[in-house]
Amino acid sequence: MGKVPKKRSLADKVRKTKTSAEIKNNPFEVKINRKKFEVLGRKSKHDVGLPGVSRSKANNKRKETLLKEYKLKNKSSKLIDRRFGEYDTNMAPEDKILKRFAMERQRAHDKKDVYNLNEEEELTHYGQSLAEMEKFNDIGNSDDESEEKGLLSADRLPLRRRGGLLRKKSSGDQQQEEEGSHRAKSRQELIEELIQKSKQEKRERQVQKEESQELTEQLDKEWKSIQALMVKKTPKSESADQPEEKPKPEEYDKMVRELVFEMKAQPSERLKTPEEIAREAREKLQKLEADRLRRMMGEEAVDSTQSQTHMSADDLNDGFILDKEDQKTLSYQVREEKCFISEEEGDEEEEDGEGSSEEEEDEEDGHSDLESEQESEDEEHNKEDEVISTKPSLSKEELKAQQEAAKAELPYTFAVPEVYGDLQNLLDGHTPDNKRIILARTQKCNHPSLAVGNKLKLQKLFGFLLKYFGEMTNLSPPDLTTVDKLIPELYTLCQMFPDEACKSLQNIFGDAACCIEKVLDCTGQPDLPKLDMLVYLKVTALLFPTSDFRHPVTTPALLYISLNLTKVPVRSLQDVTKCLVLCCLAVEYFSFSKRFMPELINFLVGMLQLAVQDKTSLGYTMVPPFRPSGKCSELLVLSDSGSSKSWSKKRLQLSATERLELNTDLDRDHHRLTCLSVTLDLLKRCCLLYKDLLSFNHIFQPVRTLLSKHLSAQTLPEPVQELHREILELISGAPVTRSPLVLEKKKPIPLKLLTPKIVEVLDYGKKRGSSREEREKEKLKHKYKKEFKGALREIRKDSRFLAREKLNEVMNRDAERKRKVKELFGSLATQEGEWKALKRRKKK
Amino acid sequence: MASTKKRNVSSAKTTERSIKIAKLDLDSKVDDILESRKHANDVFDILEGLQSEREKSVISAVNACSRLFCSLLERKELFMGKLPGEDEVLSGGYSAEEKYQIFMRHRYNSSVEMLLEHLSLGHPEVYESALCCLMKFAAAEGQHPLEDLDWTEHYSFPRHLIQAVVDRLLSKTRDNSLQISRFQEFLEMEDIRYYAMSFIRESVGRVMDKNKGAGMLLYQRNVFTIMSNISVPSQESELTNFMVKQEAKHEDWKAAKLLEHKRAFERMWLGFLKYKLPNSMYKKVLVILHDSILPHMSKPTLMIDFLTAAYEVGGAISLLALNGLFVLIHQHNLDYPDFYRKLYNLLEPSVFYVKYRARFFHLTNIFLSSSHLPVYLVAAFAKRLARLALTVPPTALLIVLPFLYNLIRRHPSCRVLIHRPSAGDEPLEDPYLMDEEDPAQCRALESSLWEIKTLQKHYHPDVAKAAMLINTPLSEKEDDIDAVLEITTFEMMERDLNQTQIKSVPLEFETATQLLKGGGDVLGQNFSLD
């Protein structure tokens with residue numbers, strides 16, 4: 001044996017004797033693997049290596065495997081040691097010996113038993129002999145086999161399974177025979193047999209089923225053929241015998257079916273109580289109001305008033321929707337209109353709060369009657385005549401009769417006027433009420449839903465109607481009643497075609513303003529607008545919301561008013577009246593939004609100044625269009641202060657803006673006083689509107705000085721004095737102080753939150769981003785490489801080991817030979833020595 | 001003349017023909033006169049034509065005159081030197097030749113007289129031809145002077161003729177603006193302009209002194225018209241267009257020197273502005289002052305007195321004087337005490353209504369653009385403008401608000417006007433004194449711009465939006481005011497009218513029933529339908 005292996009084996013031996021702890025603590029055994037850097041939270045198994053231990057392990061393993069193989073190389077037979085635990089290194093040799101001994105004993109015991117028949121140990125289960133049970137089972141199996149497959153297989157199998165149990169063989173011949181047959185079949189065969197059996201059973205059952213089905217089918221066929229014969233025969237016999245019997249079952253069937261299909265008290269839509277209707281109406285109004293508020297604040301409307309655009313021409317805006325409109329005759333529409341009117345009257349009375357409650361109730365009752373009646377009519381009869389419809393309204397028969405008479409003259413259908421002249425022809429010569437009816441009928445006959453072209457035609461109608469308004473107001477005297485009556489029609493048209501309405505009014509204002517600017521550029525003395533423009537302005541306020549932050553119609557309209565109030569000089573009492581209308585309109589425009597219009601206050605102050613005689617000490621510079629001097633600067637100064645006594649407040653006429661007939665000084669003074677009172681009234685309203693403004697005091701400062709110092713209340717009549725006093729109170733009552741301005745607090749900009757981006761890294765140091773297959777391939781390649789290297793290393797170690805072994809062998813052999821040669825030489829030497837000694841002795 | 005005597009020919013056709021005949025007649029007569037002296041007496045026929053009442057015949061006569069006398073001047077057949085009276089000619093010992101020349105010279109003088117008469121009275125065509133004729137005479141006289149002088153020492157220029165024309169144009173009783181505008185094309189010529197300027201000055205001095213400067217509105221208007229049309233070229237090399245070329249010593253001629261021109265121009269204007277002007281004239285002068293008067297003066301600083309006086313007047317005149325003052329301050333180092341105080345006091349409600357609003361705000365913007373102004377001053381301006389903003393129309397508000405913001409941007413210490421966090425929440429009365437004339441005393445810095453807060457409720461969306469800006473810190477960039485200076489109400493309207501993409505027009509949801517209902521019922525309570 002070479003030195004090195006010897007040493008190693010010695011070292012191994014030493015190592016083996018030591019405990020593992022001892023080895024680990026030995027610094028000569030331990031090799032510490034240097035770590036490049038610490039990784040937190042990672043536990044490494046390989047920071048400490050025991051090269052000696054592992055080398056000896058590997059060496060031992062090779063000795064047991066490779067070396068043996070090597071030794072058995074080129075050998076035709078080999079010895080396999082089948083002794084118990086021969087190759088089990090874990091077992092202690094003593095244990096092995098013990099076990100072997102025990103097995104030896106057991107085998108000997110078994111063998112002995114074959115011949116020892118008497119000594120039998122019965123195995124029992126639940127107090128019964130297992131052998132008995134097996135017997136019983138066998139009997140039962142033969143019975144149940146065909147019926148229950150589950151049992152069968154369960155019973156067959158356990159035989160084999162139970163074979164594993166420690167069991168004494170029964171001594172009976174039968175059993176032995178059976179055992180013998182069982183033994184003859186291998187396990188494979190057994191399973192195949194089982195499968196075959198179960199399949200066969202299945203097939204059998206299927207066949208049975210098919211057969212029975214076939215049988216039933218056949219039976220059915222036969223029955224059918226027989227039945228056909230029977231059916232053919234029965235009617236003859238029955239009709240002949242019992243003709244009344246036939247309806248009976250039908251009636252019965254019917255009943256049954258009816259019962260089956262009868263509506264099972266489905267929850268129908270409940271009729272709304274008046275409170276609910278009121279609440280809904282209120283909610284709708286609230287929503288619209290909220291819309292209006294939002295627009296007033298200048299926020300963008302999302303899709304407001306979309307629903308509005310689809311309203312029908314005679315929608316009362318009360319949520320009442322008439323479904324079967326198309327089925328009605330025209331007479332209905334007339335009556336419905338009557339309802340509309342009567343309700344309107346009711347509305348007016350409600351608004352005014354003057355009408356007696358009794359009347360109101362009457363009217364409402366009548367109306368509700370009408371409505372309910374109408375509904376019932378709708379259901380019962382589709383076509384009914386005017387005659388019937390007039391019946392229910394008994395309370396107002398006279399009025400109705402008159403209206404009927406008036407309407408009887410009018411045809412029920414009208415073509416939509418294509419040009420403006422047509423409209424004139426259509427409306428001329430009728431009373432205002434009739435004009436309205438004509439327009440209403442025109443709209444209804446040509447409702448956009450009835451024909452394709454109607455929409456375009458009706459769109460034009462709005463423009464014509466506006467033009468007609470203008471014409472009516474420019475008559476002398478202006479026909480304002482017509483305009484007044486036609487307002488609802490204009491409103492409905494506007495609701496139908498908002499874009500068209502918007503465009504026509506925009507054009508009107510644009511043209512008018514353009515006109516004023518042109519005149520201003522040339523001569524600088526434009527005229528105030530005529531009455532038609534005033535009416536248009538008012539109509540705008542009726543058709544469009546004036547409170548919007550920006551509105552395509554009302555904003556230009558306001559600018560137009562502003563233009564008139566700032567640039568156009570006031571030259572006569574007529575102009576004063578016109579301007580007052582403009583101011584009224586402006587105040588109306590702002591009545592809801594309470595927006596601030598500096599021109600308006602300026603103008604009203606200017607009007608007050610017109611009433612002041614001595615303008616030198618005003619302490620306030622007059623702002624255009626008013627001038628501090630000139631013949632128009634004292635338009636409102638009374639010629640005789642005594643005329644205020646005979647003055648009484650009355651409303652101004654709108655027509656006074658166009659034609660003012662004031663012949664006497666007294667009349668003129670009265671008109672002046674009226675204008676003054678209107679001015680003061682407007683100022684009061686302005687005070688109320690603007691009292692929340694921060695600069696209220698400064699805005700109304702000129703008013704205050706004028707009223708308190710220059711326009712003494714004594715000379716004025718009583719109602720004007722009162723207004724005077726109220727305004728002064730309002731102005732002086734306003735708070736003077738206010739807190740200084742501060743910029744709005746900005747929200748602090750929050751720090752940027754940098755949440756870490758988490759990327760799941762599955763394998764470190766690997767290329768990422770490639771497809772899964774590629775990664776798999778890479779992994780495999782890597783593994784292969786690793787394995788290949790490992791294998792190479794192992795092979796090298798193996799061959800080194802083998803070489804070492806071979807060398808050992810050769811060296812051993814050589815040493816043996818040398819020893820033998822030495823021995824031989826030694827023996828030869830001794831022989832020689834003996835021989836020589838013999839010789840010497842012989843010689844001696 | 002035979003034909004002209006038959007004036008009462010009724011048919012127009014015949015008159016036309018007769019005029020043609022008359023014209024031919026006159027032409028032939030001129031030829032005759034020029035041909036031989038024995039037809040000399042025909043000149044009376046021509047002069048008679050000048051006195052005719054019919055324009056066409058006058059015009060033809062004028063044409064004839066111009067042809068006749070121009071050629072006579074060329075031939076030197078007019079008497080030169082001091083003209084003896086016609087009576088003297090008979091008695092004095094003149095030769096026939098001289099007699100003829102004196103005779104013709106007298107006819108020439110009378111024709112000039114008549115032409116001048118036509119200049120101020122006549123029909124457009126008549127005065128035009130008369131003026132042309134006179135200027136032709138002047139040109140001819142320049143070439144062939146009538147004075148008998150030593151032309152090596154004097155410069156020949158028809159002074160008398162030009163002076164007569166100028167005097168005639170500056171009528172005291174008629175508005176001669178049309179004639180003057182016709183005369184303007186002759187003022188393009190350097191020498192005429194030069195002499196005209198001195199004649200105008202003489203005339204103004206003479207007339208105004210005589211009348212004590214009262215009631216000369218028409219005269220002043222005429223003077224202003226002619227003066228405002230005069231502009232002096234900016235460079236000496238441009239002085240090339242002369243009516244009369246001086247043979248000798250042209251270079252030394254005063255009319256050929258730019259400085260002399262400027263002096264004459266300056267003297268003319270100062271002479272004119274010395275006298276009291278009516279307001280409208282004042283404004284007109286101030287409007288053109290900064291770009292058509294000041295640059296042409298040799299010493300613009302001479303205008304200081306006039307401008308400061310105008311600035312003191314107040315109102316629109318002060319506004320207009322600002323522009324001239326600005327030029328003087330900016331380019332000529334004028335130091336004007338209390339300038340800003342006066343500017344401050346110019347801020348009145350009427351500022352926003354006058355025609356010159358854009359100009360005023362443009363200039364005020366420039367004056368207040370200096371970052372060296374004291375804070376109290378800027379704050380005073382800002383506060384005053386804000387206060388005035390409560391009374392002005394939206395077009396002006398669109399100027400005022402950005403203007404204010406620019407002030408605050410330029411002077412960050414004025415930010416307290418819109419942001420005073422230290423004062424706490426206790427409310428206080430506005431400490432600003434509107435009536436105080438001194439911006440240093442008005443306590444504007446202690447105040448806040450509540451007015452702008454008020455304007456956030458303005459009815460016009462653009463104004464309200466602009467006013468909203470003070471809620472948040474102002475942006476760094478200044479607003480461009482010039483874009484909104486000239487905006488009109490109609491232009492503001494057009495913004496709304498021309499919006500093409502109207503989504504859906506919001507409608508009134510309360511049903512309209514009657515004309516006078518709705519909107520708080522203001523109209524209905526004060527007015528009735530019938």
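In order, the protein sequence lines correspond to chains Z and R.
Note that full-length UniProt numbering has the first sequence beginning at 1, numbered continuously upward.
Note that full-length UniProt numbering has the second sequence beginning at 1, numbered continuously upward.
We put the beta carbon where it would ideally sit given N, CA and C, even for glycine.
Below-8 Å beta-carbon distance, residue i vs any chain R residue
i	result
P717 of chain Z	no
T305 of chain Z	For T305 of chain Z, the predicted model reports a pLDDT of 39, less than 50, meaning its position is unreliable; a value from the coordinates is still stated below. So, interface residue.
P432 of chain Z	no
G463 of chain Z	no
K36 of chain Z	no
Residue i burial status per 10 Å Cβ neighbour count (16 or more: buried)
i	result
F28 of chain Z	exposed
L515 of chain R	buried
N602 of chain Z	buried
A837 of chain Z	exposed
L268 of chain R	This sequence places Met at residue 268 of chain R; Leu is not what is there. M268 of chain R comes out buried.
L394 of chain Z	Confidence in L394 of chain Z is poor, its pLDDT being 46 and thus under 50, which makes the residue's placement too unreliable to answer from.
I97 of chain Z	exposed
L780 of chain Z	exposed
Y252 of chain Z	exposed
Y87 of chain Z	exposed
Within-8 Å CB hit, residue i to chain Z
i	result
F527 of chain R	yes
A382 of chain R	no
A512 of chain R	yes
Y353 of chain R	yes
Inter-residue CB distance, residue i and residue j (contact presumed, cutoff 8 Å)
i	j	result
L474 of chain R	R387 of chain R	With 8 Å as the limit, L474 of chain R and R387 of chain R do not qualify as a contact, their Cβ atoms being about 20 Å apart.
Y491 of chain Z	L423 of chain Z	No, Y491 of chain Z and L423 of chain Z are not in contact; Cβ-Cβ is about 17 Å, not under 8 Å.
G324 of chain R	L294 of chain R	6 Å
K649 of chain Z	S677 of chain Z	6 Å
T391 of chain R	P349 of chain R	5 Å
M114 of chain R	L47 of chain R	7 Å
A138 of chain R	L170 of chain R	Not quite, the Cβ-Cβ distance comes to about 17 Å (not below 8 Å), so this is no contact.
Straight-line gap, residue i to residue j (C-alpha atoms, nearest Å)
i	j	result
F509 of chain R	L439 of chain Z	21 Å
L608 of chain Z	P552 of chain Z	33 Å
D548 of chain Z	A557 of chain Z	13 Å
H447 of chain Z	L461 of chain Z	12 Å
P526 of chain Z	M434 of chain R	34 Å
A196 of chain R	L346 of chain R	39 Å
T554 of chain Z	D575 of chain Z	23 Å
E375 of chain Z	R270 of chain Z	In this prediction, E375 of chain Z scores a pLDDT of 43, lower than 50, which makes its location untrustworthy; no coordinate-derived value is stated.
E280 of chain R	V535 of chain Z	Note on identity: in this sequence residue 280 of chain R is Ser, with Glu being the wrong assignment. Distance between the alpha carbons of S280 of chain R and V535 of chain Z: 40 Å.
Cβ pair count under 8 Å reaching 3, the region 455-469 of chain R against the region 589-600 of chain Z: yes
contact_flag[the region 466-482 of chain R, the region 444-459 of chain Z] where n(CB pairs < 8 Å) is 3 or more: no
Inter-stretch contact (C-beta, 8 Å, three-pair minimum) for the region 687-706 of chain Z and the region 727-745 of chain Z: yes
Cβ contact check for the region 424-437 of chain R and the region 355-373 of chain R: 3 or more pairs under 8 Å: no
Given 8 Å, three or more beta-carbon pairs between the region 789-805 of chain Z and the region 64-72 of chain Z: yes
Inter-stretch contact at 8 Å, needing at least 3 Cβ pairs: the region 425-435 of chain Z / the region 476-488 of chain Z: yes
contact_flag[the region 393-406 of chain R, the region 436-448 of chain R] where n(CB pairs < 8 Å) is 3 or more: no
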